[in-house]
Structure formats: C-alpha cells, structure tokens
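Numbering-wise (full-length UniProt numbering), the sequence shown opens with residue 1 and increments by one. All C-beta atoms in this analysis are idealised placements derived from N, C-alpha and C, irrespective of residue type, glycine included. As the structure is a prediction and not an experimental result, all values here were calculated from the model. Structure first, commentary second.
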Amino acid sequence: MRTPFVAVTLLAATLFSAASFAGATLDRVTKTGVLRNAIVNDYPPFGFIDDNNQLAGFDVDVAKAVAQRMGVKLEIIAPGWETIVGGKWQGRWDTCICSMTPNTERAKVLGFPTPYYNSPAVLVVNKKDDRFKSAADLSNKKIGVGIGSSYETYLQKTLVIPGSKPIAFPFDNVQVIPSDEEVAFQNLALGPGVRLDGVVSDLATANARIKRAPVFKIVTELYAEPNWVATDKGDAEWDKKVADTIKSLRDDGTLAKISQHWLGEDITHEVP
1 MRTPFVAVTL
11 LAATLFSAAS
21 FAGATLDRVT
31 KTGVLRNAIV
41 NDYPPFGFID
51 DNNQLAGFDV
61 DVAKAVAQRM
71 GVKLEIIAPG
81 WETIVGGKWQ
91 GRWDTCICSM
101 TPNTERAKVL
111 GFPTPYYNSP
121 AVLVVNKKDD
131 RFKSAADLSN
141 KKIGVGIGSS
151 YETYLQKTLV
161 IPGSKPIAFP
171 FDNVQVIPSD
181 EEVAFQNLAL
191 GPGVRLDGVV
201 SDLATANARI
211 KRAPVFKIVT
221 ELYAEPNWVA
231 TDKGDAEWDK
241 KVADTIKSLR
251 DDGTLAKISQ
261 HWLGEDITHE
271 VP
C-alpha cells in the first residue's frame, strides 16, 4: 500500500520546501512569460525524440499542460540527468517534470512541491531467462540501471523515499551496471547473462520497451515509486504555484487524459 496523498503532501511541506529568496523563480516566469522545463529525452514513453525529431512523451505533454494553465510559453531543454539532480540550477530552468523520485540526497538540493504520477519499479529480464522469481534472485547478478537513478541506489541498498514505507532489500552482492537505460536494454536483449542478467526500470517504461521489442519480460514489482515535479530549492511561492497547477490539472481530468494517451491507463490519480 502506498503512502496516503495527504500525508505525502504534508511531508513535502516540511522536507522539500525552502524559504530563502522566496519568489525569485515565480518572478522570473511571470516577467518573461516563459516556463523552462528540464526533461530526460531518452526515457520513453515519458520523454524521447520521436520520428519527426521532436521531443514527445508523457512528461512533455504534462509540461505543456502546466505552461498552458499558467498562461505562459513553454521551453523544453534536456541538460542531462546528473546535471538536473545536482541542483543549483541558477535560473537555467524552472521545473523538472521529468519522472523524478524524491530521495533523501536529492531533497538536500531540490524542492519537490507535488507528486504527479505513481508507477512501481520492476525487474526486467530477457524472456529466455527462467532464473528469476523475486527480488531475492538479484543476488550475485549483473543488473543494469540508468546512471544516477533511484534504481542504482536501490540496488546499493541505500534508497530512502521520504514519506514512503521502508524499502526491503532481500538481496546481496548485486553487480550494478549504470549506463544510459537505452544501452542497458540493448545489452539485455543480447541474451541472459551475456552482458546483463536484468534491468531495473519503471513499470510503464518497461511495458513500452516490451511492446517495441518483445524480447523482455517483467519478473516482479520491487517497490512503489512516486514521481514528483522537481524545482530548484528555495522558492516556496513558486513551489505553491506549481503544486496548485498540478492539482487543477488532476482535478479536471487533464492529467488522466495525458496518461491514458501515452500509457493506456491513469497513473496520475491521488493515492487513496
């Protein structure tokens, strides 16, 4: 069972909001009339380059909806995951609607004003591989993850998601292989144990990859993974504006429509 939405929201107010230079980001967006959103461009179906060489995906459409609801133009940039999670954005972008899960390290440098979807982490293996039944079978295996991802810290047994139940780590001695997630899945497609034994990824992402290349299968869900809008730490007024905007998009069904379009289900509803 996932953490109740109200409890998580209250936690966000205490852990993720900061009061220094309040209003700086909100003032900039208001004055320029532009919302600059950072995104990951190699993470289908959330963010990717489509056949027309355009950024597309669930996160892209959510960012478009947020900008439209705020009455500003949208600019999307893809600065790289490690740059985004490092914080200290210095006005280069205003939000990261980019499928980020909060953890204790990220919360030191980033604000997390609101969740906008929930999708669990899963273990994916080559469909020819029958060695895996549960998370315990991760022990002594070579597992690919996106570099700098929460999946990496999960396999290192250090992941803590504020507001969520403690995560179980029923495995030992995992050989973690961080890389671009696209590369990880390409390596897994070569066969069981050739370069990787498995990949830890998001359920929706895994389903999208299986649909494109049915050489994979999902073994098990590993842990609940709430995904939040991230902001640079320090502007409580901007965080409230972002949270209020996401709430309005959820309340009128806009988020649900975007989710249905990209994923065939609604992963944006409030957790009961």
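{"Query": "Over the uninterrupted beta strand (DSSP E) stretch that includes A230, give me the two end residues.", "Result": "226–232"}
{"Query": "Have a look at I39 and A236 and give me their C-alpha separation to the nearest angstrom.", "Result": "22 angstroms"}
{"Query": "Are the region 208–220 and the region 53–62 in contact at 8 angstroms, needing three or more beta carbon pairs?", "Result": "no"}
{"Query": "For Q68, which three-state DSSP category applies?", "Result": "helix"}
{"Query": "According to DSSP, simplified to helix, strand and coil, what is S134?", "Result": "coil"}
{"Query": "Helix, strand or coil for D59 per DSSP?", "Result": "helix"}
{"Query": "Leaving out the 5 sequence neighbours to the left and right, which residues in its chain are closer than 8 angstroms to S139 when beta-carbon positions are compared?", "Result": "F171, D172, N173, V174"}
{"Query": "With D180 and D27 assumed to form a contact (beta carbons below 8 angstroms), what rounded beta-carbon distance in angstroms separates them?", "Result": "Not a contact, Cβ separation roughly 36 angstroms."}
{"Query": "Determine the extent of the beta strand (DSSP E) in which I97 is found, giving its start and end residues.", "Result": "95–100"}
{"Query": "Our contact map puts N118 next to I161 with C-beta atoms below 8 angstroms; I'd like the distance itself, whole angstroms only.", "Result": "N118 to I161, Cβ: 11 angstroms. No contact."}
{"Query": "If you count every other CB in all the chains shown that lies within 10 Å of the CB of S134, and 16 or more means buried, which is it?", "Result": "exposed"}
{"Query": "Is it a yes or a no for the region 145–155 touching the region 230–250, going by three-plus beta-carbon pairs under 8 angstroms?", "Result": "no"}
{"Query": "Reducing DSSP to helix, strand and coil, say where Q90 ends up.", "Result": "coil"}
{"Query": "In terms of residues, what are the limits of the beta strand (DSSP E) holding R36?", "Result": "34–38"}
{"Query": "If you follow the beta strand (DSSP E) that I267 is in, where does it begin and where does it stop?", "Result": "Looking at the DSSP string, I267 is not in any beta strand (DSSP E), and its letter there is neither H nor E."}
{"Query": "Check whether the region 200–208 and the region 111–131 are in contact - that is, three or more C-beta pairs closer than 8 angstroms.", "Result": "yes"}
{"Query": "Cβ atoms of R36 and I77: under 8 angstroms apart, would you say?", "Result": "yes"}
{"Query": "Relative to the C-alpha of T30, which candidate in E225, D94, A107, I246 has its C-alpha closest?", "Result": "D94"}
{"Query": "Out of curiosity, what's the CA-to-CA distance linking T245 and I84?", "Result": "22 angstroms"}
{"Query": "Exposed or buried, what is L159 when buried is set at 16 or more other beta-carbons lying within 10 Å of its beta-carbon?", "Result": "buried"}
{"Query": "Along the alpha helix (DSSP H) that carries S248, what are the first and last residues, could you check?", "Result": "236–251"}
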